[in-house]
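In the numbering used here, the protein residues as written are 143 to 231. C-beta: ideal position from N, C-alpha, C; glycine also. Predicted model only: the values in this text are computed from it and were never measured. The structure under discussion appears below in the form of structure tokens.
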Amino acid sequence: MDFEDIDYLEATGNYVNFALGDRHVLSRMTITECEALLPPGQFIRVHRSFIVSIDKVEKIERHQLAVGSSILPIGASYLAAIKQLSAKP
Numbered sequence: 143m144d145f146e147d148i149d150y151l152e153a154t155g156n157y158v159n160f161a162l163g164d165r166h167v168l169s170r171m172t173i174t175e176c177e178a179l180l181p182p183g184q185f186i187r188v189h190r191s192f193i194v195s196i197d198k199v200e201k202i203e204r205h206q207l208a209v210g211s212s213i214l215p216i217g218a219s220y221l222a223a224i225k226q227l228s229a230k231p
């Protein structure tokens, strides 16, 4: 799996669901373990259960963002990082 194929990651207990466009892959890892393996600057944690590919973010609203056809929540503790992201040209 190439990093460029990943839209977002969703934590489900001790598993992570990788959203890859129209398909999903389930892996027995924690989201924190996955976060450590992802290239910095290409992905951002937006919620305790979600990490998104920065390039795949289509729209950012106050408490949610759009990645493809999925609407993902933004956690309160991640708002500052998201605001910095949305301020970049």
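Residue i versus residue j: straight-line alpha-carbon distance, rounded
i, j, result
"SER212", "GLU175", "23 Å"
"ALA229", "ILE202", "11 Å"
"ALA153", "LEU221", "19 Å"
"GLN161", "ARG204", "Gln is not the amino acid found at residue 161; the sequence shown has Ala there. When rounded, the distance between both Cα atoms is 23 Å."
"ALA208", "ILE196", "11 Å"
Distance CB(residue i)-CB(residue j) smaller than 7 Å
i, j, result
"ASP149", "LYS198", "yes"
"ASN159", "HIS166", "yes"
"GLN226", "PRO215", "no"
"ILE186", "LEU151", "no"
"PRO181", "PHE145", "yes"
Per-residue DSSP class, three states only, for residue i
i, result
"ILE224", "helix"
"SER169", "strand"
"LEU179", "helix"
"GLU146", "helix"
"ILE196", "helix"
"SER219", "helix"
Same chain only: Cβ atoms within 6 Å of residue i, ignoring 5 sequence neighbours per side
i, result
"SER219", "none"
Integer Cβ distance of residue i from residue j, believed to fall under 8 Å
i, j, result
"VAL188", "GLY210", "That pair is no contact at about 14 Å."
Residues near residue i by beta carbon distance below 7 Å, same chain, minus five either side
i, result
"LEU168", "TYR157, ASN159"
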